[in-house]
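Respectively, the protein sequence lines represent chains A and B. Reminder that position 233 of the first sequence reads as 233 in our numbering, one-by-one numbering, no gaps. Reminder that position 16 of the second sequence reads as 1016 in our numbering, one-by-one numbering, no gaps. One structure below.
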Amino acid sequence: MTLLASLHAALVQPFVEFGFMRRALVACLALGLSCGPVGTLLVLRRMSLAGDAMAHALLPGAAVAFLLVGLSLPAMSLGAFIAALAVAALAGGVARFTAQREDASLAGFYLIALAGGVMLISLRGNSVDLMRVLFGSILAVDDAALLLVAGVASASLLLLALVWRPLLVECFDPGFLRAVGGRGALHHQLFLVLLVANLVAGFQALGTLMAVGLLMLPAIAARCWAHSVAQLSVIACAIAAACGYGGLLLSYHAGLPSGPSIVLLAGAVYLVSLVVGTRDSLRARFFTAHRHRVA
Amino acid sequence: MITLDNVTLCHRDRPAVHHLSGQFAPGSLTAIVGPNGAGKSTLLGGLMGRIAPSTGQISLPPRLAGHIAYLPQQADIDRSFPVSVLDVVMLGHWTGPGRLGAWRAAGAVQRAQAQQALAAVGLAGLERRAIGELSAGQFQRVLFARLLLQDAPVILLDEPFNAIDERTTADLLALLHRWHGEGRTVVAVLHDLAQVRAHFPRTLLLAREPIAWGPTAEVLQPGHLQRASLQATHWEAQAPWCEVPAPAVPRVAA
């Protein structure tokens, strides 16, 4: 009975007791729902680095808004959204119109964005503000933030339902998509907007530096277990939601910032999956019996 | 009738296909041959409307718009992608008679048709296999099954028999003849001249410049083949600008 009671105290009580924990939990679960499929597409489209660069671009956008209107969620979200889309457009343009490799230009923009954002915030504001934007804070998830996250998650799922097939086909057979008039470029732009919207939704709880963590890590961990794209998305959703819940508890009990707690937990799931997963894992590679069938 | 009138297709300012004129008659079976870099795949891109001509025009009957099926080179497809054989074949319903398009869900009828198409290419029972687990020949059969479902009046094939064994090639050639017999227009980029002589009534010999276009026996003459092999297909750094508006195009009478 005491065990049950202490489990309840550790796992449930914080959410019963505090409204901000409940809001943060709902935000993380909603984020997990859209991060599963969006992260799966991000990984399958080989855009992990692009996602990371865009997440870093959130910072200067949010910082400019912070300088202009102070700590306002709608303004900072809008600023972050515009800045991340601008970096996506710039990196895409550089890759298309110059001989620069896309990974090099992405890394360049990511450094400029990070340095610019930190500089802007340090001009006005204190280190608490900076830490909050960089690493997230569960206290920041107020009703407005919750509405933003839930809205982005709902819109993402609805939009993905419409463009899921062309987005997937473009990953593995772009020639076919072009031949059937599938408008791959338009779908790519839509996906970039979706990606940035999810990053913006995530940055309140996770911080700008780690907003991409809940997209990327569950998706690459799921790759060690799933055999189809549908399985990948569902498993990634489950991992993202579970890490959101676990990360919030870790953050609450140990007094850690929420962003690193959630992302580190997702990182641990990824490392464990790499070792014991059913496919593309160390176990599958080295510890399966060396037997073969006759045909 | 697909008509090409003085068509030049470029990559930036360099022509890959230079001043080509001619026609693909309805129901014709044509091979496009020529050295590497001759512009064969680029021409298919032009026929699909993917590459706009720099000069001239490609005219298609309006009823063909959006009804051209295309078989890409295998190298253009990511075989590590976690997708099943049946899912790839079902894509044939995108534009086919079922017309699922980008977001409609497939029904039992479409699923049954996809299974029939797989059976027709000799892959019954492999529906759930991941495409990464197939041999090159099996995967080519999957792509042909997808073409079967597309049921298109015009079918463009880019090197359909590269690195494919004899038995698979023979089976897939039989499908090509079936499409030809059904009155579809089939255009295939190929390298094996013996295969072209044996199976394709018409041939376009391309070496960036059109060398000859017409009945296969007349096109694949030693003189034409020698001209094609001597024709440089690499780009010269200081090549002068092309000032020729519409050159006389060598063409063998049909």
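The C-beta atom is built at its ideal place from N, Cα and C for all residues, glycine as well. All values reported here derive from a predicted model rather than from experimental measurement.
- From the beta-carbon of Pro166/A, the residues of chain B found nearer than 7 Å are Ala1102.
- For Val1187/B, no Cβ of chain A is located within less than 8 Å of the residue's own Cβ.
- Among the residues of chain A, none has a CB under 7 Å from the CB of Arg1184/B; the nearest is roughly 15 Å distant.
- Residues of the stretch 151 to 181 of chain A with a C-beta less than 8 Å from any C-beta of chain B: Ala161, Leu162, Val163, Trp164, Arg165, Pro166, Leu168, Val169, Cys171, Phe172, Asp173, Pro174, Gly175, Phe176, Arg178, Ala179, Val180 and Gly181, listed in chain order.
- Within chain A, the residues Arg178 have their CB atoms less than 7 Å from the CB of Arg1050/B, given in chain order.
- Per DSSP, reduced to three states, the secondary structure at Asn1006/B is strand.
- Separation of the CB atoms of Gly259/A and Leu206/A is rounded to 4 Å, and the pair is thereby assigned contact status at 8 Å.
- The C-beta of Phe1024/B comes no closer than 8 Å to any C-beta of chain A.
- Taking the beta carbon of Asp1151/B as reference, no residue of chain A falls within 8 Å; the closest one sits roughly 13 Å away.
- The beta-carbon of Pro1082/B is placed less than 8 Å from the nearest beta-carbon of chain A.
- DSSP places Phe1081/B outside any alpha helix (DSSP H), giving it a letter other than H or E.
- Between Ile1077/B and chain A, the shortest Cβ-Cβ separation is below 8 Å.
- For Ile1068/B, the residues of chain A that pass the 8 Å Cβ criterion are Ala179, in the order they occur in the chain.
- Val1186/B: not part of any alpha helix (DSSP H); member of the beta strand (DSSP E) spanning Thr1185 to Val1189, first to last residue.
- Taking a cut-off of 8 Å on C-beta distances, the stretch 258 to 274 of chain A touches the stretch 220 to 233 of chain A, as three or more cross pairs fall below it.
- Scanning the stretch 123 to 182 of chain A for uninterrupted alpha helix (DSSP H) segments of 4 residues or longer gives 127 to 135, 143 to 172 and 174 to 179, listed from N- to C-terminal end.
- Of all residues in the stretch 211 to 229 of chain A, only Arg223, Ala226, His227, Ser228 and Val229 come within less than 9 Å of chain B when Cβ atoms are compared, listed by chain position.
- From the beta-carbon of Leu232/A, the residues of chain B found nearer than 8 Å are Pro1082.
- For Met210/A, the CB contacts under 6 Å within the same chain, skipping 5 residues up- and downstream, are Gly259 and Val263 in chain order.
- Under the 8 Å Cβ criterion, the stretch 52 to 66 of chain A counts as touching the stretch 119 to 135 of chain A, having at least three qualifying pairs.
- At least one CB of chain A lies nearer than 8 Å to the CB of Trp1094/B.
- Contact between the stretch 166 to 180 of chain A and the stretch 87 to 102 of chain A is absent: fewer than 3 CB-CB pairs across the two stretches fall below 8 Å.
- Against chain A, the CB of Leu1091/B has a partner CB under 8 Å away; the residue lies at that interface.
- Looking at the DSSP output, His187/A shares a beta bridge with no other residue.
- For Pro1072/B, the nearest beta carbon of chain A is closer than 8 Å to its own beta carbon.
- Straight across, the Cα-Cα distance linking Arg1227/B with Ser105/A is about 45 Å.
- In this structure Thr2/A is exposed. Its beta-carbon is surrounded by fewer than 16 other beta-carbon atoms within 10 angstroms.
- Three or more Cβ pairs closer than 8 Å define a contact, and the stretch 1187 to 1196 of chain B meets that threshold against the stretch 1028 to 1036 of chain B.
- In the DSSP annotation of this structure, the continuous segment of the beta strand (DSSP E) that includes Asp1158/B starts and ends at Val1154 to Asp1158.
- When DSSP reads this structure, Arg1178/B sits in no beta bridge, so it has no partner.
- Between Leu1009/B and Ser1059/B, the gap from beta carbon to beta carbon reaches 8 Å or more.
- Excluding its 5 nearest sequence neighbours in each direction, Val1219/B has C-beta neighbours in its own chain below 7 Å: Thr1203, Leu1205, Ala1212, Trp1213 and Val1252, listed in chain order.
- Pairwise C-beta distances place the stretch 1129 to 1149 of chain B out of contact with the stretch 1101 to 1108 of chain B, as fewer than three of them are shorter than 8 Å.
- Beta-bridge annotation (DSSP): Arg291/A is not paired with any residue.
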